[in-house]
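Peer 1:
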Amino acid sequence: MAGRDEQWSDSRAKGRKDEAAWSTGSLLAVAALTSILCAAFASLTLSMRRPGCYRRPYNSTLLVVVTDLDKNSLHSTKKYHWQSYMKEGVLTLNNDYTHASVLWDDKTEISLYSTFAAGGRSMELSDLVVFDGRLLSVDDRTGILYRIEQGVAYPWVYVSDGDGSTAKGFKGEWMTVKDDDLWVGGLGKEWTTTEGVFVNFNPMWVKRVTREGTVEHINWIDEYKKLRSALGIEWPGYMIHESAQWSTVYRKWFFLPRRASKLTYTEAEDEERGGAACLHKLDIILSVHLLDESQLEPAAVDKDARI
Numbered sequence: 001m002a003g004r005d006e007q008w009s010d011s012r013a014k015g016r017k018d019e020a021a022w023s024t025g026s027l028l029a030v031a032a033l034t035s036i037l038c039a040a041f042a043s044l045t046l047s048m049r050r051p052g053c054y055r056r057p058y059n060s061t062l063l064v065v066v067t068d069l070d071k072n073s074l075h076s077t078k079k080y081h082w083q084s085y086m087k088e089g090v091l092t093l094n095n096d097y098t099h100a101s102v103l104w105d106d107k108t109e110i111s112l113y114s115t116f117a118a119g120g121r122s123m124e125l126s127d128l129v130v131f132d133g134r135l136l137s138v139d140d141r142t143g144i145l146y147r148i149e150q151g152v153a154y155p156w157v158y159v160s161d162g163d164g165s166t167a168k169g170f171k172g173e174w175m176t177v178k179d180d181d182l183w184v185g186g187l188g189k190e191w192t193t194t195e196g197v198f199v200n201f202n203p204m205w206v207k208r209v210t211r212e213g214t215v216e217h218i219n220w221i222d223e224y225k226k227l228r229s230a231l232g233i234e235w236p237g238y239m240i241h242e243s244a245q246w247s248t249v250y251r252k253w254f255f256l257p258r259r260a261s262k263l264t265y266t267e268a269e270d271e272e273r274g275g276a277a278c279l280h281k282l283d284i285i286l287s288v289h290l291l292d293e294s295q296l297e298p299a300a301v302d303k304d305a306r307i
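Counting in UniProt numbering, the sequence shown runs from 1 upward without gaps.
1. In whole angstroms, give me the CA-to-CA distance for C278 and K168.
2. Quick check: the segment 158-177 against the segment 222-231, are there 3 or more CB pairs under 8 angstroms?
3. What did DSSP end up calling M123 once you bin it into helix, strand or coil?
4. Roughly how many angstroms lie between the CA atoms of G52 and W235, to the nearest whole one?
5. Apply the 10 Å Cβ neighbour rule to G237 and answer buried if 16 or more other Cβ atoms are within range, or exposed otherwise.
6. In three-state terms, what does DSSP make of I36?
7. Cβ atoms of K189 and I240: under 8 angstroms apart, would you say?
8. DSSP three-state label for R251, please.
9. Cutting at 6 angstroms between CB atoms, please list the residues of its own chain near F198, excluding the five before and the five after it.
10. Should V159 go down as buried or exposed, given a rule of 16 or more other Cβ atoms within 10 Å for buried?
11. For W246 and L33, I'd like the C-alpha separation in whole angstroms.
12. Taking one C-beta from the segment 120-136 and one from the segment 60-67 each time, how about it: are there three or more such pairs within less than 8 angstroms?
13. Just verifying my parser: in three-state terms, what is the DSSP assignment at S236?
14. In angstroms, rounded to a whole number, what distance separates the CA positions of Y146 and G275?
15. What is the C-beta distance between R251 and A260, in whole angstroms, given that I count them as a contact (C-beta under 8 angstroms)?
16. Out of A268, Y265, K207, E212, state which residue places its alpha-carbon closest to the alpha-carbon of W143.
17. With DSSP run on the structure shown, which of helix, strand or coil describes R258?
18. On the DSSP bridge assignment, give the partners of W156 in chain order.
19. Which two residues bound the contiguous alpha helix (DSSP H) that contains Y224?
20. Pick helix, strand or coil for F41, following the three-state DSSP scheme.
21. Look at N202 and G164 and say whether their C-beta atoms are less than 8 angstroms apart.
22. DSSP three-state call for S73: helix, strand or coil?
23. Can you tell me whether DSSP reads N202 as helix, strand or coil?
24. In this structure, does DSSP put D96 in helix, strand or coil?
25. Ordered along the chain, which non-local residues of its own chain (more than five positions away) have a Cβ less than 8 angstroms from that of D105?
26. Between which residues of its own chain and D270 is the CB-CB distance below 7 angstroms, once the five residues before and five after are set aside?
27. Over what stretch of residues does the beta strand (DSSP E) that includes E190 continue unbroken?
28. Measure the alpha-carbon distance for G186 versus E242 and round it to whole angstroms.
29. Considering only residues of the same chain and omitting the five flanking positions on each side of T194, which have a CB-CB separation below 6 angstroms?
30. Tell me which residues share the same chain as L93 and place their Cβ nearer than 6 angstroms to its Cβ, disregarding the 5 neighbours each side in the sequence.
31. Out of curiosity, what's the CA-to-CA distance linking D127 and D140?
32. When DSSP builds the beta bridges, which residues end up paired with S101?
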């Protein structure tokens with residue numbers, strides 16, 4: 001009987017030790033897990049404070065703009081340096097999507113520099129796009145695609161003009177992402193002299209760039225002609241494009257021409273020939289939405305070539 005009592009006492013003592021050991025281990029595990037969660041939360045909080053991370057309402061989005069200062073891109077004090085300014089803001093739409101407002105963040109304004117130039121000009125950045133997780137821009141003077149990271153513009157890909165067999169850089173004016181490739185387009189009109197005399201079709205080619213930086217030159221002469229024909233414009237009339245996007249939702253192209261005229265191009269008169277239409281392109285089918293000219297500034301409408 002005494003032996004059984006001793007055995008039972010030993011079993012209870014061992015159970016208490018195991019229970020104590022288990023409780024200590026559980027506490028350590030909980031403490032470790034809590035520490036990990038706190039560290040993860042702190043890291044997430046810090047990440048959300050970085051540029052590009054905002055706590056925005058559902059109807060707002062981050063907006064980033066970049067400058068094309070033309071000849072004024074040349075740095076005033078640094079020799080052989082050209083610059084472009086980039087700034088962030090928040091674009092907000094009201095609940096019924098009838099009004100938009102932009103709140104700029106002055107603290108995000110930065111200067112992007114480059115020493116690569118063509119003909120004494122550079123960093124005339126035309127557009128911004130996020131491609132393969134990277135912010136890119138195109139210089140319409142040199143044909144260089146820049147990768148922008150932490151306030152620095154790194155040359156990524158050089159794009160030549162026309163079919164790619166020229167030494168001149170491509171005058172890229174718009175960029176968009178379509179089917180996992182980057183598409184870069186130009187003016188979309190014939191290259192002419194300042195008085196409208198035909199020179200070549202180089203601006204009517206587009207570039208398809210892969211994630212690896214491979215460039216394919218695609219002839220879009222007929223495509224651009226179809227776009228302007230939809231508005232009754234034929235050569236020597238012209239249409240200039242600086243805004244084109246591929247929609248993954250509608251699976252078609254959208255174009256907002258900057259210039260549109262049935263008259264012959266002249267450099268002196270081009271500034272007064274603003275476009276007032278939105279073109280939707282699906283294969284060879286085009287639909288046109290004419291914008292309300294009453295909402296435009298008078299100088300922005302070509303009164304002599306109204307469509």
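Ideal Cβ placement from N, Cα and C applies to all residues, glycine included.
Peer 2: Reading it off the structure:
1. Taking the sequence shown and counting its residues from 1, the one referred to as residue 278 is at position 278. Taking the sequence shown and counting its residues from 1, the one referred to as residue 168 is at position 168. Roughly 31 angstroms separates the two Cα atoms.
2. In this structure the segment 158-177 does not lie against the segment 222-231, because fewer than three pairs of beta carbons, one per stretch, are closer than 8 angstroms.
3. Mapped onto the sequence shown, residue 123 falls at position 123. Reduced to three states, the DSSP call for M123 is coil.
4. As a first step, residue 52 is located in the sequence shown; it is residue number 52 there, counting from the start. As a first step, residue 235 is located in the sequence shown; it is residue number 235 there, counting from the start. Caution applies to G52, whose pLDDT of 49 falls short of 50 and renders its modelled position unreliable; the value that the coordinates give is listed next. Each residue's Cα considered, the two are about 44 angstroms apart.
5. On the sequence shown, position 237 is the one that residue 237 refers to. Buried, since its Cβ has 16 or more Cβ neighbours within 10 Å.
6. What you label residue 36 is simply residue 36 of the sequence shown in a count that begins at 1. In this structure, I36 counts as helix in the three-state DSSP scheme.
7. The residue labelled residue 240 in the question sits at position 240 within the sequence shown. The residue labelled residue 189 in the question sits at position 189 within the sequence shown. For I240 and K189, yes; Cβs fall inside 8 angstroms.
8. Position 251 of the sequence shown holds residue 251. Collapsing the DSSP output to three states places R251 in coil.
9. Taking the first residue of the sequence shown as position 1, residue 198 is located at position 198. Closer than 6 angstroms at Cβ, skipping near neighbours: E190, T192.
10. Start at 1 with the first residue of the sequence shown, and residue 159 comes out as number 159. Per the 10 Å Cβ criterion, buried.
11. Translated into the one-based positions of the sequence shown, residue 246 becomes position 246. Translated into the one-based positions of the sequence shown, residue 33 becomes position 33. Approximately 46 angstroms between the Cα atoms of the pair.
12. Enough Cβ pairs lie closer than 8 angstroms, so yes.
13. Counting from one through the sequence shown, the residue named residue 236 turns up at place 236. Note that residue 236 is Pro in the sequence shown, not Ser. Coil.
14. In the sequence shown, counting from the first residue as 1, residue 146 sits at position 146. In the sequence shown, counting from the first residue as 1, residue 275 sits at position 275. Y146 and G275: Cα-Cα distance of roughly 29 angstroms.
15. What you label residue 251 is simply residue 251 of the sequence shown in a count that begins at 1. What you label residue 260 is simply residue 260 of the sequence shown in a count that begins at 1. With a Cβ gap of about 25 angstroms, R251 and A260 do not count as contacting.
16. For the purposes of this step, residue 143 is taken as the residue at position 143 of the sequence shown. Note that residue 143 is Gly in the sequence shown, not Trp. Of the candidates A268, Y265, K207, E212, the one whose C-alpha sits nearest the C-alpha of G143 is K207.
17. One-based indexing of the sequence shown puts residue 258 at position 258. Correct three-state label for R258: coil.
18. The sequence position of residue 156 within the sequence shown is 156, counting from 1. DSSP output for W156 lists no bridge partner at all.
19. Stepping through the sequence shown from its first residue, residue 224 is reached at position 224. That run of the alpha helix (DSSP H) goes 221-229.
20. Looking up residue 41 in the sequence shown gives position 41. Of the three classes helix, strand and coil, the one that applies to F41 here is helix, per DSSP.
21. As a working note, residue 202 is residue 202 in the sequence shown. As a working note, residue 164 is residue 164 in the sequence shown. For N202 and G164, no; Cβs fall outside 8 angstroms.
22. Counted from its first residue, the sequence shown places residue 73 at position 73. Note: S73 maps to helix in three-state DSSP.
23. Within the sequence shown, numbered from 1, the residue matching residue 202 stands at position 202. Three-state DSSP puts N202 in a helix.
24. In the sequence shown, residue 96 corresponds to position 96, counting from 1. Coil.
25. If you number the sequence shown from 1, residue 105 lands on position 105. Excluding sequence neighbours, D105 sits near K87, E88, G89, V90.
26. Working through the sequence shown from its first residue, we reach residue 270 at position 270. Counting only Cβ-Cβ distances below 7 angstroms, and skipping sequence neighbours, we find R259.
27. By 1-based counting over the sequence shown, the position of residue 190 is 190. Run containing E190: none; DSSP gives neither H nor E here.
28. Sequence index remark: in the sequence shown, residue 186 carries index 186 (1-based). Sequence index remark: in the sequence shown, residue 242 carries index 242 (1-based). In a straight line, the C-alpha of G186 is about 7 angstroms away from that of E242.
29. Mapped onto the sequence shown, residue 194 falls at position 194. The answer, listed in chain order, is E267.
30. Taking the first residue of the sequence shown as 1, we reach residue 93 at position 93. So the qualifying residues of the chain are N59, A100.
31. What you label residue 127 is simply residue 127 of the sequence shown in a count that begins at 1. What you label residue 140 is simply residue 140 of the sequence shown in a count that begins at 1. The alpha-carbon atoms of D127 and D140 are separated by roughly 9 angstroms.
32. In the sequence shown, residue 101 corresponds to position 101, counting from 1. S101 is bridged to T92.
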